[in-house]
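Heads up, the sequence shown is in full-length UniProt numbering, so the first residue is 1 and it goes up one at a time. First the structure, in the form of structure tokens, and then the observations on it.
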Amino acid sequence: MIKPALPTIKLSAWRSRLLFGMLVLGLISLAARAAYLQGMNNEFLQKKGESRYSRVVEMNADRGMITDRNGHIMAISSPVASIFADPKVVVIKPEKLRQLAHLLEMSSTDLNALLTKENRRFVYLKRHIVPDTAEKIMQLKIKGIYLTSESKRYYPEGEFAAHVLGFTDINDEGQEGVERGWEQTLAGELGRRRVIKDNKGQIIDEDVASIRSPKPGKDLVLAIDRRIQYRAHAELKQAVLANRAKAGSIVVLDAQTGEILALTNWPAYNPNRRSTINNERLRNRALIDTFEPGSTLKPFTVAIALEVGKVNSHTILQTAPGTWQVGRKTIRDVSNKGELTVAEIIQQSSNVGTAKIALSMEPQTMWEMFNRSGFGTLTNSGFPGEASGILRPYNRWRPIEQATMSYGHGISTSLIQLARAYTIFTSGGELKPVSLLKQNIPVMGQRVISRDTAWAISRMLEMATQPGGTAPLAQISGYRVAGKTGTAHKLIDGRYANKSYISTFVGYAPASNPRFIIAVIIDEPSAGKYFGGAVAAPIFSKVMSGALHILNVPPDAPANNVITFTATPEMEDEG
């Protein structure tokens, strides 16, 4: 069979020349580009290379220390190691898997699950391990297992200062207390450096360039005196347990500067052992819990009445028969106290007498006194979550509400607010700011009452701690003491509980030249005693005695000034 001949196609000569010319031009362009990039502009290729193998990593900044006012360390960061892995790189034999699991204190099954995670290039195996353990792990020389340096916060005082200091999380960021409130000061600024990694993601050169050096956090010097803090915590814990109470709090202030020398609560927790932390133990009750202050508010009612000239210390009021009708409500004293001077009304804590003084004034006058004394407003201590309490507008007060508010019902406050308010009696009538940080310059206060009024109230409060008053158990050998008890039915779900009480005491010493203010609250004591004079006043006495001796405060009374007594109805303060 004869095959047909194929047609012959003849290309034009210009087309072949054009194609050849285009190929030559393309090669010349590529050669010129290569010469330009390698000889004249080699930064481009370097950047492209670095983008594949150069990485910027963060460098940790040392967290600042926290010390007490005398330089004793209360929080410090210690070096620890963390172990991580690149699952895509890890090569591990069964025997070494078991050894690694043992060092990490985890099961081989759990460890293997971490090491075989898909689509992961980074996974922590364990954080914050001691350097010795980290060294043993690295000696196993397991491919894909790496070590990084971190820091862990340590609190030498344990539970004794937990509610002041708070704690940090595993990333060393403040979560509670001073650690959170002053996070920006303590944390410092992270540094950044450039490193080179190979195609498997492993760092092969750590010191290519430093972009920014880490900036260490600043140290904090607290106003806290650890010696007083320790004494306050130990006495509070013992009292809460002895009285079978739900909880308790105590605050110690410098009477002239408002510095917080001690602040603690029970139940507490150990910030070095996170397993002890739960909501009940975590709450800083002295700052975030509010309560009705009861009779500890009476001195403020009497102070404004003295200030506006409604009464003086010797004015006599009739409190018989121990009750007083205001509208449809009846105000009661524990017993019929008969005629009392204004000073005796504070000494014996008469609700009837205080209510009569209150209703002799305009509501606005009383409200302004409470407001200027810091009630209903934050103390601005800097502590996160601090409560402001409640002081309702005076134009909404009914007569019975004004009467009961005069002895601490219908108003709420925190313990730190209450302690601060008493600075007007210790500093000649000025309300001092409170501070968790040590103050190195004189502290200015805001005048609330005159010096004469402050002195008059102080004398009445001193009478309250003597026989015939509600708080003789607050007495201290060698020192004159002034203070006020408070006992209030606890408000639960909007109603006053018949058998649940808040027992309080606020006082200061030496009365002649006040050095410390101490406020104590015991929540729901259930061991048989619940009056502030019987439950809270003894704690005050022990902590105040310790503080005075720790700082060698000169006595202002004979060593035998404590007067023994037999308990009387006056110790039972129902305000």
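Where a beta carbon is used, it is the ideal one built from N, C-alpha and C, also for glycine.
By Cβ distance, which residues of its chain are closer than 7 Å to residue i, with the 5 residues on each side in sequence left out?
i, result
"residue 117", "87, 123"
"residue 158", "270, 272"
"residue 28", "none"
"residue 422", "506, 508, 517"
"residue 101", "107, 108, 111"
"residue 359", "399, 402, 403"
"residue 569", "The pLDDT assigned to residue 569 is 46, lower than 50, so where the model puts this residue is not dependable; a value taken from the coordinates is nonetheless given after this. These residues qualify, in order along the chain: 334, 335."
Which same chain residues, not among the five before or five after residue i, have their C-beta less than 8 Å away from its C-beta?
i, result
"residue 497", "489, 490, 491"
"residue 17", "none"
"residue 130", "80, 81"
"residue 500", "489, 490, 492, 524"
"residue 357", "301, 302, 305, 310, 311, 317, 342, 345, 406"
"residue 114", "85, 87, 123, 125"
Would you check whether the ligand MN has a heavy atom nearer than 7 Å to the C-beta of residue i?
i, result
"residue 363", "As far as ligands go, the structure on display features none, and thus does not contain the ligand MN."
Would residue i be called buried (16 or more neighbouring beta carbons within 10 Å of its own) or exposed?
i, result
"residue 105", "exposed"
"residue 551", "exposed"
"residue 377", "exposed"
"residue 126", "buried"
"residue 323", "exposed"
"residue 513", "exposed"
"residue 243", "buried"
"residue 71", "exposed"
"residue 24", "exposed"
"residue 444", "exposed"
"residue 241", "exposed"
"residue 515", "buried"
"residue 22", "exposed"
"residue 411", "buried"
"residue 362", "exposed"
"residue 19", "exposed"
"residue 93", "exposed"
"residue 275", "exposed"
"residue 63", "buried"
"residue 563", "exposed"
With a threshold of 6 Å on Cβ separation, who are the neighbours of residue i within its own chain once the five nearest residues in sequence on each side are excluded?
i, result
"residue 409", "292"
"residue 174", "168, 180, 183"
"residue 144", "85, 86, 89, 90"
"residue 309", "none"
"residue 428", "451, 454"
"residue 330", "323"
"residue 332", "323"
"residue 370", "391"
"residue 146", "84"
"residue 425", "454, 457, 458"
Given a cut-off of 8 Å, decide if residue j and residue i are closer than it, judged by their beta-carbon atoms.
i, j, result
"residue 520", "residue 536", "yes"
"residue 163", "residue 279", "no"
"residue 287", "residue 374", "no"
"residue 326", "residue 400", "yes"
"residue 509", "residue 544", "yes"
"residue 433", "residue 245", "no"
"residue 258", "residue 215", "no"
"residue 586", "residue 456", "Given a span of 1 to 575 for the chain in the structure shown, any question on residue 586 remains unanswerable."
"residue 346", "residue 311", "no"
"residue 263", "residue 539", "no"
"residue 290", "residue 419", "no"
"residue 260", "residue 436", "yes"
"residue 438", "residue 69", "yes"
"residue 541", "residue 461", "no"
"residue 319", "residue 297", "no"
"residue 487", "residue 295", "yes"
"residue 483", "residue 557", "no"
"residue 348", "residue 469", "yes"
"residue 547", "residue 228", "yes"
"residue 103", "residue 137", "yes"
"residue 247", "residue 285", "yes"
"residue 165", "residue 277", "no"
Which ranges would you report for the alpha helix (DSSP H) in the segment 439 to 511 if only whole runs of at least 4 residues count?
The DSSP assignment places 451 to 464 as complete runs of the alpha helix (DSSP H) inside the segment 439 to 511, in order along the chain (cut-off: 4 residues).
Sequence ranges, alpha helix (DSSP H) only - wholly within the UniProt domain "Penicillin-binding protein dimerisation" (60 to 206), length at least 4
Unbroken alpha helix (DSSP H) stretches of 4 residues or longer found wholly inside the UniProt domain "Penicillin-binding protein dimerisation" (60 to 206): 94 to 104, 108 to 115, 131 to 138, 162 to 165, 177 to 181, 183 to 187, given in chain order.
3 or more residues per run - each beta strand (DSSP E) lying fully within the segment 322 to 407:
List check, beta strand (DSSP E) in window: 323 to 326, 329 to 332, 339 to 341.
Counting Cβ pairs, one atom from each stretch, are 3 or more of them under 8 Å apart for the segment 145 to 153 and the segment 71 to 90?
The answer is yes - the segment 71 to 90 touches the segment 145 to 153, with three or more Cβ pairs under 8 Å.
Within 8 Å, do at least three Cβ pairs link the segment 249 to 263 to the segment 133 to 143?
Note that the segment 133 to 143 does not touch the segment 249 to 263; fewer than 3 beta-carbon pairs, one per stretch, sit closer than 8 Å.
List in chain order: all unbroken alpha helix (DSSP H) runs of 4+ residues lying wholly within the segment 276 to 323.
Listed in chain order, the complete alpha helix (DSSP H) runs (minimum 4 residues) inside the segment 276 to 323 are 279 to 282, 285 to 288, 298 to 307.
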